[in-house]
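K.L.:
Encoded as structure tokens, here's the structure I'll be asking about.
There are 2 protein chains.
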Amino acid sequence: MDLSVIQSLHKRSDSKVVLLVLDGLGGLPRESDGLTELEAARTPHLDALAVESICGLHEPVAPGITPGSGPAHLALFGYDPLDYQVGRGVLAAMGVDFELQPGDVACRGNFCTVGADGSITDRRAGRISTEKNRELCELLQQIELSDGEVEVQTIKEHRFLVVFRGAGLSENVADTDPHAVGLSPLDPEPADDDAAKTARLAREFVDRAREKLAGREPANMVLLRGFAQLPGWPSFEEVYGTRAACIADYPMYRGLGRLLGMTALEGGGEPETKFEALKENWNDYDFFFVHVKKPDKAGEDGEFDTKVDAIEHVDHALPQLRELKPDVLMVTGDHSTPWKLVNHGWQPVPVLINSAYCRADDVRNFGERACITGGLGPRLRGSSLMPIAMANAIRLDKFGA
Amino acid sequence: MDLSVIQSLHKRSDSKVVLLVLDGLGGLPRESDGLTELEAARTPHLDALAVESICGLHEPVAPGITPGSGPAHLALFGYDPLDYQVGRGVLAAMGVDFELQPGDVACRGNFCTVGADGSITDRRAGRISTEKNRELCELLQQIELSDGEVEVQTIKEHRFLVVFRGAGLSENVADTDPHAVGLSPLDPEPADDDAAKTARLAREFVDRAREKLAGREPANMVLLRGFAQLPGWPSFEEVYGTRAACIADYPMYRGLGRLLGMTALEGGGEPETKFEALKENWNDYDFFFVHVKKPDKAGEDGEFDTKVDAIEHVDHALPQLRELKPDVLMVTGDHSTPWKLVNHGWQPVPVLINSAYCRADDVRNFGERACITGGLGPRLRGSSLMPIAMANAIRLDKFGA
Numbered sequence: 001m002d003l004s005v006i007q008s009l010h011k012r013s014d015s016k017v018v019l020l021v022l023d024g025l026g027g028l029p030r031e032s033d034g035l036t037e038l039e040a041a042r043t044p045h046l047d048a049l050a051v052e053s054i055c056g057l058h059e060p061v062a063p064g065i066t067p068g069s070g071p072a073h074l075a076l077f078g079y080d081p082l083d084y085q086v087g088r089g090v091l092a093a094m095g096v097d098f099e100l101q102p103g104d105v106a107c108r109g110n111f112c113t114v115g116a117d118g119s120i121t122d123r124r125a126g127r128i129s130t131e132k133n134r135e136l137c138e139l140l141q142q143i144e145l146s147d148g149e150v151e152v153q154t155i156k157e158h159r160f161l162v163v164f165r166g167a168g169l170s171e172n173v174a175d176t177d178p179h180a181v182g183l184s185p186l187d188p189e190p191a192d193d194d195a196a197k198t199a200r201l202a203r204e205f206v207d208r209a210r211e212k213l214a215g216r217e218p219a220n221m222v223l224l225r226g227f228a229q230l231p232g233w234p235s236f237e238e239v240y241g242t243r244a245a246c247i248a249d250y251p252m253y254r255g256l257g258r259l260l261g262m263t264a265l266e267g268g269g270e271p272e273t274k275f276e277a278l279k280e281n282w283n284d285y286d287f288f289f290v291h292v293k294k295p296d297k298a299g300e301d302g303e304f305d306t307k308v309d310a311i312e313h314v315d316h317a318l319p320q321l322r323e324l325k326p327d328v329l330m331v332t333g334d335h336s337t338p339w340k341l342v343n344h345g346w347q348p349v350p351v352l353i354n355s356a357y358c359r360a361d362d363v364r365n366f367g368e369r370a371c372i373t374g375g376l377g378p379r380l381r382g383s384s385l386m387p388i389a390m391a392n393a394i395r396l397d398k399f400g401a
Numbered sequence: 402m403d404l405s406v407i408q409s410l411h412k413r414s415d416s417k418v419v420l421l422v423l424d425g426l427g428g429l430p431r432e433s434d435g436l437t438e439l440e441a442a443r444t445p446h447l448d449a450l451a452v453e454s455i456c457g458l459h460e461p462v463a464p465g466i467t468p469g470s471g472p473a474h475l476a477l478f479g480y481d482p483l484d485y486q487v488g489r490g491v492l493a494a495m496g497v498d499f500e501l502q503p504g505d506v507a508c509r510g511n512f513c514t515v516g517a518d519g520s521i522t523d524r525r526a527g528r529i530s531t532e533k534n535r536e537l538c539e540l541l542q543q544i545e546l547s548d549g550e551v552e553v554q555t556i557k558e559h560r561f562l563v564v565f566r567g568a569g570l571s572e573n574v575a576d577t578d579p580h581a582v583g584l585s586p587l588d589p590e591p592a593d594d595d596a597a598k599t600a601r602l603a604r605e606f607v608d609r610a611r612e613k614l615a616g617r618e619p620a621n622m623v624l625l626r627g628f629a630q631l632p633g634w635p636s637f638e639e640v641y642g643t644r645a646a647c648i649a650d651y652p653m654y655r656g657l658g659r660l661l662g663m664t665a666l667e668g669g670g671e672p673e674t675k676f677e678a679l680k681e682n683w684n685d686y687d688f689f690f691v692h693v694k695k696p697d698k699a700g701e702d703g704e705f706d707t708k709v710d711a712i713e714h715v716d717h718a719l720p721q722l723r724e725l726k727p728d729v730l731m732v733t734g735d736h737s738t739p740w741k742l743v744n745h746g747w748q749p750v751p752v753l754i755n756s757a758y759c760r761a762d763d764v765r766n767f768g769e770r771a772c773i774t775g776g777l778g779p780r781l782r783g784s785s786l787m788p789i790a791m792a793n794a795i796r797l798d799k800f801g802a
């Protein structure tokens with residue numbers, strides 16, 4: 001559904017809505033007893049909440065699609081990620097807490113190795129250490145462009161962020177990474193006249209970088225990709241009419257919140273600290289996005305038990321959140337990160353929505369299989385959740401007379 | 402979801418995917434014990450497979466829509482049949498194993514009866530015998546056109562295939578069948594300038610046919626409809642990155658596979674023979690579409706027991722297929738053909754997807770009612786199945802960062 005429909009229906013209310021995201025929540029069964037991470041976790045508080053909630057599973061992007069963190073969260077916020085695509089450069093800037101300005105063009109840089117003939121021999125420069133990366137980024141930071149500014153910031157290993165700033169920039173510039181060894185880095189080609197200046201700045205940056213990195217094998221050259229600007233989307237407040245805040249300790253998730261105009265609050269760390277921050281800011285916002293990273297990290301490491309612990313930790317702290325008596329509490333993951341895939345997965349994600357009006361179903365515990373028979377269904381499109389949550393907060397008017 | 406999304410995500414893998422289609426699988430309960438054909442069938446192997454699989458029912462086209470074989474199979478292949486429509490002429494060509502060339506325009510011909518004033522008295526010429534049809538088609542095959550070629554081939558009873566071949570042809574020509582008696586056959590009107598030549602060839606063909614059939618009542622005239630060319634769709638391999646093959650003994654299904662660039666393998670007949678062919682070709686392809694026609698035929702004849710037998714036969718042979726250890730095995734029907742309708746139906750079709758990552762649900766046997774509570778849900782859009790199967794084959798990359 002088009003966000004403009006929601007935007008035309010939202011109305012004032014004093015209700016409070018909390019979206020609690022356990023990143024990578026969905027899992028897969030282990031051999032020993034056929035239980036998933038969430039099913040194996042002892043979660044008395046989540047189970048009790050499920051009894052009073054409408055439950056189900058959501059499909060973040062579309063059937064069979066494994067979402068990255070960006071699309072997965074946009075879906076949870078109600079922005080269909082097939083329609084609202086964020087460029088890699090913008091996501092990279094978010095990941096290192098770089099505050100992009102409107103008009104900035106960000107892109108992902110990779111240190112790489114080129115041979116004497118200029119052709120690429122290693123697209124990742126042997127995955128140099130992050131420490132080495134910092135040292136080299138200091139060199140690149142010295143680069144001055146003739147007709148604009150450039151900022152460089154270390155991300156991790158061979159990866160860094162480049163941001164071009166100046167008047168009249170455009171994201172329509174092609175990657176310089178040919179995505180293969182044996183080829184030379186490509187020219188940053190502009191897709192249209194509007195991108196000519198950006199392409200010129202990028203070319204100048206690459207030339208200076210080549211000079212500065214000469215002799216510094218394996219990192220003697222750079223590749224740029226994913227040129228992107230902040231998108232001009234309606235903000236979360238514009239769509240839903242709520243003052244929105246996020247509590248997250250990874251820059252990427254604060255960045256995704258800020259992308260939609262949410263205020264990034266202080267207070268990271270353990271679930272208890274996050275719920276404490278929630279309490280402190282309770283009166284100043286209507287919507288809170290609380291992000292817990294650990295289940296995803298454990299899943300990406302293939303650590304079943306660590307993921308169980310991370311889920312149990314949230315469950316243990318949950319009463320602290322419930323004491324605040326949010327009018328609507330939605331608990332879910334942004335996507336599955338099953339231990340068995342050691343990666344994000346396409347599998348639907350358990351979700352519950354609790355409110356005085358949710359119409360609780362017969363689901364008695366919060367788990368992948370139990371949620372199949374819940375009232376939200378076994379494969380609700382992820383971007384449908386937020387309108388349902390806002391309706392439960394009595395924040396959406398009637399459609400039509 | 403647009404196929405281009407899948408196309409942009411597919412990646413290399415050595416995994417093997419098998420789609421086993423029991424044509425017309427879905428059914429309706431019989432009076433005696435309230436069991437459907439599939440529920441009544443003794444299917445120990447399918448039931449055991451269901452235990453280890455994610456199950457559900459799919460809706461091939463859309464709610465309430467009874468699909469023809471073409472749209473139903475396109476849906477299974479992931480091509481939404483509302484977006485990807487094959488013309489009747491192309492389907493007719495497939496049905497008689499006619500190998501259309503790009504540019505050819507095919508259409509369905511009907512022998513009909515016209516009175517002395519030229520108006521139609523029977524649109525089907527009294528459903529003449531197929532033998533008579535062959536005799537008349539021999540006459541029509543003698544027709545030579547001034548500026549192109551025409552091929553005529555018997556289908557069945559009053560139905561035949563006409564294919565125009567030549568440079569600069571177009572499918573945008575209107576039917577000559579007025580779909581009513583008492584009217585004269587229509588002129589094959591071109592919808593635009595590009596179709597003028599095709600319309601001229603069609604008109605010439607109809608005129609020659611009228612002359613050749615004069616005095617041969619009841620089949621003294623022809624009606625043409627469904628002018629269509631091979632569509633320029635992305636091939637199955639382009640979309641999913643797999644080398645795809647089909648094993649089917651009816652021309653229509655081989656044709657549908659070929660339409661998407663699949664290789665039609667030898668080896669028809671009973672399920673055992675088909676699974677043998679599968680084994681022989683196992684190393685040469687990544688994706689196999691195996692088609693079993695009998696359940697549909699039995700349903701169209703209203704034969705409950707014959708359909709049960711056909712399903713049990715596949716079940717009996719299943720271990721032969723499972724011995725090959727496909728990474729992903731999807732078993733379903735293209736549509737329902739309930740004995741009670743003596744025809745295709747709109748009812749959702751049981752489906753199971755088995756893989757190491759499928760996240761099995763609590764469904765314990767493969768049947769219409771049992772599958773309702775499966776993890777795929779009770780009405781998954783048919784075209785969503787293939788992306789899920791390919792995700793389970795670890796053949797789709799992450800969407801977004």
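In order, the protein sequence lines correspond to chains X and Z. Take the first sequence: its letter number 82 is residue 82 in my numbering, and every next letter is one higher. With the second sequence counted from 1, adding 401 to any position gets you my numbering. Positions of the beta carbon are idealized from the N, C-alpha and C atoms, including for glycine. Nothing here was measured: the structure is a model prediction, and the numbers come from that model.
#1: Based on Cα-Cα distance, which residue from X:206, X:168 and X:251 lies nearest to residue 155 (chain X)?
#2: Is the distance from the Cβ of residue 711 (chain Z) to the Cβ of residue 696 (chain Z) below 7 Å?
#3: Considering Cα atoms alone, identify which of X:248, X:280 and X:218 is closest to residue 271 (chain X).
#4: Give the residues of chain X in contact with residue 792 (chain Z), contact being defined as C-beta atoms less than 9 Å apart.
#5: Going along chain Z in order, which residues have a C-beta closer than 8 Å to the C-beta of residue 85 (chain X)?
#6: Kindly indicate the opening and closing residues of the alpha helix (DSSP H) around residue 467 (chain Z).
#7: Starting from residue 248 (chain X), trace the alpha helix (DSSP H) both ways and give me its first and last residue.
#8: Flag this pair as touching only if the stretch 433-451 of chain Z and the stretch 757-771 of chain Z have three or more C-beta atom pairs under 8 Å; answer yes or no.
#9: Report the CB separation of residue 287 (chain X) from residue 317 (chain X) in whole angstroms; it is logged as a contact under 8 Å.
#10: Have a look at residue 49 (chain X) and residue 293 (chain X) and give me their C-alpha separation to the nearest angstrom.
#11: Helix or strand or just coil, what does DSSP make of residue 789 (chain Z)?
#12: Is the Cβ of residue 234 (chain X) closer than 7 Å to any Cβ of chain Z?
#13: Can you give me the C-alpha to C-alpha distance between residue 304 (chain X) and residue 795 (chain Z), rounded to a whole angstrom?
#14: May I have the straight-line CA-CA distance separating residue 431 (chain Z) from residue 437 (chain Z), to the nearest angstrom?
#15: Could you tell me the boundaries of the beta strand (DSSP E) in which residue 6 (chain X) lies?
#16: For residue 471 (chain Z) and residue 657 (chain Z), which I take to be in contact (beta-carbon distance under 8 Å), what is that distance rounded to the nearest angstrom?
#17: Quick one: using the 10 Å Cβ neighbour count with 16 as the cut-off for buried, is residue 171 (chain X) buried or exposed?
#18: At the 7 Å Cβ level, is residue 332 (chain X) part of the contact set with chain Z, yes or no?
#19: Could you check how far apart the C-beta atoms of residue 128 (chain X) and residue 184 (chain X) are, in whole angstroms? I think they sit under 8 Å.
#20: How is residue 560 (chain Z) classed by DSSP in three states: helix, strand or coil?
#21: Mind checking residue 399 (chain X): buried by the 16 CB within 10 Å criterion, or exposed?
#22: Can you name the residues that DSSP bridges to residue 311 (chain X)?
#23: Between residue 285 (chain X) and residue 242 (chain X), what straight-line distance do the alpha-carbon atoms span, to the nearest angstrom?
#24: According to DSSP, which residues form a beta bridge with residue 731 (chain Z)?
#25: Grouping DSSP H, G and I as helix and E and B as strand, with all else coil, what is residue 521 (chain Z)?
#26: Do you know whose CA, among X:278, X:314, X:356 and X:337, lies nearest residue 324 (chain X)'s CA?
#27: Classify residue 759 (chain Z) as helix, strand or coil using the three-state DSSP reduction.
#28: As a quick exercise: from Z:536, Z:538, Z:754 and Z:505, pick the residue whose alpha carbon is nearest that of residue 550 (chain Z).
#29: Measure the Cβ-Cβ separation of residue 426 (chain Z) and residue 776 (chain Z) and say whether it is below 7 Å.
#30: Hey, residue 750 (chain Z) and residue 458 (chain Z): beta-carbon distance below 7 Å or not?
#31: Can you list, in chain order, the residues of the stretch 355-381 of chain X whose Cβ is nearer than 8 Å to any Cβ on chain Z?
#32: For residue 730 (chain Z) and residue 456 (chain Z), which I take to be in contact (beta-carbon distance under 8 Å), what is that distance rounded to the nearest angstrom?
#33: Pairs of beta-carbons, one from the stretch 487-507 of chain Z and one from the stretch 403-413 of chain Z, closer than 8 Å: are there three or more?
#34: I'd like to know whether the C-beta of residue 224 (chain X) is nearer than 7 Å to at least one C-beta of chain Z.
#35: In the DSSP assignment, what residue or residues form a beta bridge with residue 288 (chain X)?
#36: State the DSSP-derived secondary structure class of residue 622 (chain Z), mapped to helix, strand or coil.
P.N.:
Inspection of the coordinates gives the following:
#1: X:251
#2: Residue 711 (chain Z) places its beta carbon less than 7 Å from that of residue 696 (chain Z).
#3: X:248
#4: 63, 64, 65, 66, 345, 346 and 347
#5: 801, listed in chain order.
#6: No alpha helix (DSSP H) contains residue 467 (chain Z), which DSSP labels as neither H nor E.
#7: Premise fails: residue 248 (chain X) is in no alpha helix (DSSP H) and is neither H nor E.
#8: Taking a cut-off of 8 Å for Cβ pairs, the stretch 433-451 of chain Z and the stretch 757-771 of chain Z touch, as three or more such pairs fall below it.
#9: By a beta-carbon distance limit of 8 Å, residue 287 (chain X) does not contact residue 317 (chain X). Their separation comes to about 20 Å.
#10: 21 Å
#11: helix
#12: no
#13: If I take the Cα positions, the gap works out to 20 Å.
#14: 6 Å
#15: Where residue 6 (chain X) is concerned, there is no enclosing beta strand (DSSP E), although the alpha helix (DSSP H) it sits in stretches over 3-9.
#16: Contact flag correct, Cβ pair sits at about 6 Å.
#17: buried
#18: no
#19: Not really, about 21 Å apart at Cβ, beyond 8 Å.
#20: Looking at residue 560 (chain Z) - three-state DSSP - the assignment turns out to be strand.
#21: exposed
#22: In DSSP, residue 311 (chain X) forms no bridge with anything.
#23: 7 Å
#24: Z:420 and Z:754
#25: strand
#26: That would be X:278, whose Cα lies nearest to the Cα of residue 324 (chain X).
#27: Secondary structure of residue 759 (chain Z) (DSSP, three-state): coil.
#28: Measuring C-alpha to C-alpha distances from residue 550 (chain Z) to each of Z:536, Z:538, Z:754 and Z:505 identifies Z:505 as the nearest.
#29: For residue 426 (chain Z) and residue 776 (chain Z), no; Cβs fall outside 7 Å.
#30: yes
#31: 368, 369, 372, 373, 377, 378 and 379
#32: Contact flag wrong, Cβ pair sits at about 13 Å.
#33: no
#34: no
#35: X:18 and X:245
#36: strand
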